[in-house]
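Working notes, beginning with the structure itself.
Residue numbers (this note's numbering): 49 to 547.
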């Protein structure tokens, strides 16, 4: 294992490294302006599975050369970086692509030393907060789409926009750029955009007397289907996720809440003002009631839903003991991995589950069809909060240029997401993904239904703490549905009043 590979895999205490003597005080708009590397012509108005397939493979890129026009390939320096890389629950190809990136970065910039930490999704925000307080943060951090605005609003991040590393705003999905805009300033670049799909086991549907080739059309149907499957087959119908302080929970519950006409604030409106709390409106309460009905009244979801993340749904699904769930296209690759490792009778069951795995659009509600516009963004930390007190501007630019390029924003999102750079949809790698990853076009086609979480610094508190707590209060019977919704709304009001 190389030193770089070792650094990529470690996730211990914050490192202590001296940055190069000529590291600059910060990234500025003027110092980072670069000649645009790519000119894209992706027509978002035509977005559909057919259009996505038609543009895949129509453009080629030489990433090392192109980023070399932004930062010379012989540049010598250092960069420190934190992100959530692949972990045990991820399919092998995610690990392979992550390793390939660091090898490609070393080949493109052999004189840049990369000090890298891969930190789990649920630990990254808290660890980053602690590091900032101790002036021990990395130069560059990639955060889930929910996290960046908190740190921008608190003054921890430097301005950073696509033009600073050779791209343009037109190279990125508008909704993604919205997530990196605070107080009129752009402070990050999207690396990948996530929209999930609805997954079901066609054989379980057939065995329960349901149409095996059609998912539930509405969220009311999900409740009905889940009960039917549980009552007839004795297994869990829907893979409810309600773990506290876990990002998986809002990513799976908010689409349901939005579909019924609810909201955290007014994020579903065309021009949200983020001033009105909607967690206790009729739509939000209807969504919470539906979750209550499945968990308490019908007992048709896993009893462990209160402590489950999506990872805990994988084992019962591959064992044929769970019928429906929300997940990324990566779930299909993960099921293939699990099936390949099964033996004996378990192998036959797992192979049958993979064969009967289907993907569709998320169900509609009375108000809309919705999905979280998720993903991640890459940010630059202000030097005073960085370990060593300075940043290496050129090394930072080189890393960000490569990570957000059409090539690597596609490869690093191989099974779990969509490329952040729209040029990625035109690459040979996107074509390969469409040819080899079953159902990828279905989840990608959900992008127009994507709703970003409120672009407010308190959004992580709402989504990761208040919304899961609302679910827990209702599902455990600690509060009624109305009380849980009203309690959550009051907490958001209190949170907003303190900002």
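Ideal Cβ placement from N, Cα and C applies to all residues, glycine included.
Here the structure is a predicted model, which means the values were calculated and not measured.
What number of angstroms, rounded off, separates the C-alpha of residue i from the C-alpha of residue j?
i, j, result
"residue 189", "residue 126", "14 angstroms"
"residue 324", "residue 233", "23 angstroms"
"residue 341", "residue 542", "29 angstroms"
"residue 456", "residue 450", "7 angstroms"
"residue 538", "residue 476", "50 angstroms"
"residue 108", "residue 255", "47 angstroms"
"residue 348", "residue 270", "11 angstroms"
"residue 523", "residue 487", "32 angstroms"
"residue 384", "residue 405", "11 angstroms"
"residue 299", "residue 392", "35 angstroms"
"residue 412", "residue 267", "6 angstroms"
"residue 217", "residue 352", "43 angstroms"
"residue 461", "residue 140", "13 angstroms"
"residue 185", "residue 193", "19 angstroms"
"residue 200", "residue 236", "9 angstroms"
"residue 511", "residue 295", "8 angstroms"
"residue 219", "residue 454", "9 angstroms"
"residue 550", "residue 394", "The structure shown does not extend to residue 550, since the chain is modelled only from 49 to 547, so the question has no answer here."
"residue 71", "residue 444", "For residue 71, the predicted structure reports a pLDDT of 32, less than 50, and the residue's modelled location is therefore unreliable. The matter cannot be settled from this model."
"residue 315", "residue 515", "15 angstroms"
"residue 501", "residue 508", "9 angstroms"
"residue 195", "residue 106", "34 angstroms"
Exposed or buried, residue i, counting other C-beta atoms within 10 Å across all chains shown (16 or more means buried)?
i, result
"residue 481", "buried"
"residue 230", "buried"
"residue 282", "exposed"
"residue 56", "Legend: pLDDT at residue 56 = 37, less than 50; position of this residue unreliable, no value from coordinates given."
"residue 345", "exposed"
"residue 545", "exposed"
"residue 94", "exposed"
"residue 92", "exposed"
"residue 279", "exposed"
"residue 261", "exposed"
"residue 555", "With the chain running from 49 to 547 in the structure shown, residue 555 is simply not present."
"residue 437", "exposed"
"residue 120", "exposed"
"residue 179", "buried"
"residue 102", "exposed"
"residue 330", "exposed"
"residue 312", "buried"
"residue 423", "buried"
Keeping to the same chain, check which residues put their C-beta closer than 7 angstroms to that of residue i; ignore five residues upstream and five downstream.
i, result
"residue 135", "168"
"residue 122", "159"
"residue 530", "333"
Under 8 angstroms Cβ to Cβ from residue i, same chain only, skipping five residues before and after it: list those, please.
i, result
"residue 518", "327, 336, 532, 533, 535, 536"
"residue 350", "284, 287, 288, 356, 360, 361, 364, 370"
"residue 410", "244, 245, 246, 303, 307, 374, 417, 418, 419, 494, 497"
"residue 222", "92"
"residue 552", "Because the chain is modelled from 49 through 547, residue 552 falls outside the range shown and cannot be assessed."
Going along the chain, which residues of its own chain have a beta-carbon closer than 6 angstroms to the beta-carbon of residue i, five neighbours each way excluded?
i, result
"residue 137", "359"
"residue 124", "159"
"residue 466", "241, 492"
"residue 334", "308"
List the residues that DSSP assigns as beta-bridge partners of residue i.
i, result
"residue 229", "234"
"residue 365", "Answer is none; residue 365 lacks a bridge partner."
"residue 380", "DSSP output for residue 380 lists no bridge partner at all."
"residue 126", "161"
"residue 252", "Residue 252 is not bridged to any residue."
"residue 246", "374, 408"
"residue 131", "166"
"residue 189", "130, 427"
(request) Counting only runs of 4+ residues fully inside the stretch 255-324, write out the alpha helix (DSSP H) ranges in chain order. (result) 267-281, 296-307
(request) Entirely within the stretch 462-524 and at least 4 residues each: give me those alpha helix (DSSP H) ranges in chain order. (result) 476-484, 488-492, 515-523
(request) For the stretch 371-457, list the beta strand (DSSP E) runs that are entirely contained and at least 3 residues long, ordered along the chain. (result) 405-408, 422-428
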